[in-house]
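Residues in the sequence shown are numbered from 12 upward in steps of one, following the working numbering.
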Amino acid sequence: MRAGSTFRVCRSAFAALWVLACSSAHASAAPIRLGDLQGMAYEGGVVANSAFTPSSEAGAAHAPFSGVLEVAEGRMHTAPEPLKSRLVLGKQTAIFPQVELGFLTVDGDLVPATQDVIRAGSIGRGRSFWDLIVQPGKVWSEPGEGTWSRAAFPFALVNSLEGETHNGLATFAYRGREVTNLRFQIVQQTAPFYVTDYFSASGLAHVVRRDAPDLVPGAPNRQRLVREYRGSIADRVVFATWPELAAQVGAQRLTGFGAGLPADQTVLAGLDYRGKFYLQLCPSAGGELPWCDRARFGVWSAAKALANETALLRLAEKFGPQVFDLKIADYVPAAAVYPAWRAVRFEDAIDMATGIGNGSTHHQPNHISDGYIDPTYDEWYRAHSEEAKIAALLRTGGTYPWGPGKVARYRDQDMFVLGVAMDRYLKSREGAQANIWSMLEKEVFLPIGIHYAPMNRTIEADGRPGQPMMAFGYYPTIGDMVKIARLYQNGGRHGEAQILYGPRIRALLRPSLSIGLATGTQTRFGETYYYNAFWMNAYRAKNGCAFQYPVMVGWGGNLVALLPNGSTAIRLAKAADDDGRSGDPSDLAVVADRLAPLCP
12 MRAGSTFRVC RSAFAALWVL ACSSAHASAA PIRLGDLQGM AYEGGVVANS
62 AFTPSSEAGA AHAPFSGVLE VAEGRMHTAP EPLKSRLVLG KQTAIFPQVE
112 LGFLTVDGDL VPATQDVIRA GSIGRGRSFW DLIVQPGKVW SEPGEGTWSR
162 AAFPFALVNS LEGETHNGLA TFAYRGREVT NLRFQIVQQT APFYVTDYFS
212 ASGLAHVVRR DAPDLVPGAP NRQRLVREYR GSIADRVVFA TWPELAAQVG
262 AQRLTGFGAG LPADQTVLAG LDYRGKFYLQ LCPSAGGELP WCDRARFGVW
312 SAAKALANET ALLRLAEKFG PQVFDLKIAD YVPAAAVYPA WRAVRFEDAI
362 DMATGIGNGS THHQPNHISD GYIDPTYDEW YRAHSEEAKI AALLRTGGTY
412 PWGPGKVARY RDQDMFVLGV AMDRYLKSRE GAQANIWSML EKEVFLPIGI
462 HYAPMNRTIE ADGRPGQPMM AFGYYPTIGD MVKIARLYQN GGRHGEAQIL
512 YGPRIRALLR PSLSIGLATG TQTRFGETYY YNAFWMNAYR AKNGCAFQYP
562 VMVGWGGNLV ALLPNGSTAI RLAKAADDDG RSGDPSDLAV VADRLAPLCP
């Protein structure tokens with residue numbers, strides 16, 4: 012049945028998440044022409060994102076889609092062109108990767124067979140540098156195109172060694188067994204590392220469709236995918252717009268929420284307030300990003316709290332607080348060869364206080380980043396396998412005279428080896444089949460409504476899934492971050508279940524308590540401290556009340572600030588320089604304080 016307006020398309024059953032895409036397009040553009048998808052003549056250039064979404068005359072798809080798209084490598088027309096980082100680790104960054112993408116249709120949505128990282132470039136497949144993550148999109152039809160149906164979906168270019176995302180949209184048309192080429196564009200990103208360019212891109216990739224027996228109606232795998240997807244829709248976070256929040260509280264009280272960074276460095280921002288997440292903006296090179304609530308974002312070191320700390324607190328709740336005092340070397344035997352590692356506890360690693368590193372011995376005042384990305388970092392960073400990464404971090408790690416537990420010095424390597432040690436501890440308790448990421452997915456994420464959790468892993472020669480990176484490489488949606496933040500705000504409880512170790516979370520959230528190790532990082536309210544993967548930020552209210560509040564922080568200005576009034580402010584960004592401003596959540600806190608006082 013053909014829908015007569017955008018409103019009817021947006022409000023159709025199981026399409027609530029689509030509302031954001033329909034309502035936020037800043038400029039409407041006609042859909043990309045069918046003929047342009049069928050041909051290979053393409054000059055390149057980013058168009059309005061709305062060209063990848065249903066028009067106001069769109070109707071239901073003529074038929075559902077199921078099958079696998081075999082996507083060939085394709086040139087990406089980039090801006091700037093050429094890229095400065097056009098060759099990284101022997102791979103080309105301006106080539107779309109060769110991938111196989113399985114899809115099925117569920118209630119009018121185009122649902123990928125996996126939302127995990129689909130490896131391509133990182134494992135040497137083809138010439139492209141990139142791997143891919145695919146998110147759910149939409150199927151529909153446009154008038155005047157006969158029996159052809161349209162499909163579109165958001166995606167992210169990633170690399171399994173890194174932690175950023177380059178977010179984009181893709182579309183194709185299908186009829187029976189026929190499919191057109193795949194038109195794509197990359198319009199937003201979080202802060203890069205190896206690929207130093209900030210870029211947009213577009214292109215057209217050749218596609219071949221093949222059947223997938225496990226995706227046809229009645230197949231057990233399809234039934235599982237449908238069940239999982241409908242569950243994710245039922246568990247979604249309620250989103251609302253910034254104007255809706257302004258109408259409730261007054262626009263003046265929201266002034267300055269985005270003042271911490273220039274608009275061109277902001278990827279998205281919003282506030283979880285009284286049961287709804289109010290999205291302030293989700294800009295991109297093609298206008299507001301459709302499916303912003305479905306998109307996955309590389310949040311870099313915010314994963315240390317979202318994943319690593321969350322896993323540690325789950326272990327402590329399951330097995331007791333003695334987990335904090337377990338020794339890394341007892342579960343990573345290679346570390347026991349190095350005397351400095353023998354006394355390092357799980358607690359020290361999550362506090363960034365292992366006493367290992369290559370910075371200076373000057374620590375009064377301390378600078379937490381002293382020695383962070385030193386000349387030895389790259390050997391560990393680019394190592395592929397779990398054992399190679401362990402060997403690199405042990406071989407290249409110097410020692411400080413103060414030992415563990417005393418001084419915070421930032422090291423991704425220590426967060427990674429903590430993840431390895433936690434995984435092996437879990438195996439010692441539950442058997443060789445246990446692993447730390449599956450525990451997180453089944454015992455933490457799924458109960459709070461997170462159904463998909465893509466994470467970068469080590470790259471093993473025998474094809475095993477590999478060890479989760481834990482220091483970075485987690486790709487959450489906005490809703491995922493909100494759900495994890497709510498779990499912390501609720502003291503680690505969800506419903507009747509205590510999922511995370513409550514006493515540690517109460518220490519994190521206690522506003523009057525000064526806690527953590529000195530970082531040397533200052534905001535206008537005072538020094539920031541580091542405690543259990545959180546940056547403990549100072550705040551002083553107008554009435555003189557002063558306290559700390561915990562913030563998850565990732566490279567480029569990614570912030571998830573847990574505020575004492577129960578609200579959570581989120582800002583994702585792509586700041587290129589670490590001048591202290593990008594990691595400062597003070598403006599977010601000031602606005603939240605106006606809505607509901609932060610002092611108890």
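Yeah, the Cβ is synthetic: ideal placement off N, Cα and C, and Gly gets one too.
With a minimum length of 3 residues, the unbroken runs of beta strand (DSSP E) contained wholly in the region 137 to 192 fall at 142 to 145, 149 to 151, 160 to 169, 177 to 186. Membership of Phe288 in any alpha helix (DSSP H) is not indicated; the residue belongs instead to the beta strand (DSSP E) covering 287 to 292.
Burial is judged here by how many other beta carbons sit within 10 angstroms of a residue's own beta carbon; Asp434 has at least 16 and is buried.
In the three-state reduction of the DSSP assignment, Gln126 falls in the coil class, being assigned neither a helical nor a strand state. Counting along the chain, the unbroken alpha helix (DSSP H) around Trp253 starts and ends at 253 to 260. The beta carbon of Ile447 lies closer than 7 Å to those of Ala322, Gly430, Met433, Asp434, Leu437, Pro479 in the same chain, with the five residues before and after it left out. Around the beta carbon of Asp423, 16 or more other beta carbons lie within 10 angstroms, which makes this residue buried. In terms of Cα proximity to His73, the closest of Trp159, Trp546, Gly527 is Trp159. A contact is defined here as three or more CB-CB pairs under 8 Å, and the region 488 to 495 fails this definition with respect to the region 511 to 518.
Looking at the backbone, the Cα of Tyr289 and that of Tyr486 are separated by about 21 Å. Per DSSP, the unbroken alpha helix (DSSP H) holding Pro514 starts and ends at 513 to 520. Our two residues, His374 and Gly474, have alpha carbons roughly 43 Å apart in a direct line. Taken atom to atom, the span from the alpha-carbon of Gly229 to that of Glu454 is near 29 Å. Bounds of the beta strand (DSSP E) holding Gly537 are 537 to 542. One thing to note: Phe330 has its Cβ within 8 Å of the Cβ of Arg440. Judged by their CB atoms, Glu156 and Leu45 are nearer to each other than the 8 Å cut-off. The residue from Ala360, Tyr463, Ala399 with its alpha-carbon nearest to that of Ala419 is Ala360.
The three-state secondary structure of Met426, taken from DSSP, is helix.
By alpha-carbon distance to Met450, the top candidate from Lys400, Ala327, Gly85, Gly70 is Ala327. In the DSSP assignment, Lys102 forms a beta bridge with Val99.
Shown here, Asn554 sits in coil according to DSSP, grouped into three states, outside any helix or strand. CA-CA distance, Pro522 to Ser66, rounds to 50 Å. By the neighbour-count criterion, in which a residue is buried when 16 or more other Cβ atoms sit within 10 angstroms of its Cβ, Arg221 is exposed. The Cβ atoms of Thr579 and Asp120 lie no closer than 8 Å to each other.
Each residue's CA atom was taken as its position, placing Gly568 and Ala464 some 22 Å apart. In the structure shown, Asn548 adopts extended strand secondary structure according to DSSP, grouped into three states. With respect to Gln196, Pro165 sits apart: the two C-beta atoms are not nearer than 8 Å.
In the DSSP assignment, the residues bridged to Asp120 are Val117. For the pair Lys102 and Ser139, the CB atoms are nearer than the 8 Å cut-off. CA-to-CA, the gap between Gly409 and Tyr383 works out to about 12 Å. According to the DSSP assignment, Gly531 belongs to the beta strand (DSSP E) that extends over 528 to 534. Per the coordinates, the alpha-carbon of Leu574 lies some 27 Å from the alpha-carbon of Met466. By the CB criterion at 8 Å, Pro301 and Asn548 fall outside the cutoff. Between the beta-carbon of Lys417 and that of Gly368 there is about 12 Å, and that puts the pair past the 8 Å contact cut. The alpha-carbon separation between Thr125 and Ala482 amounts to approximately 23 Å. Taking all protein chains in view, the Cβ of His217 is surrounded by fewer than 16 other Cβ atoms within 10 Å, so the residue is classified as exposed.
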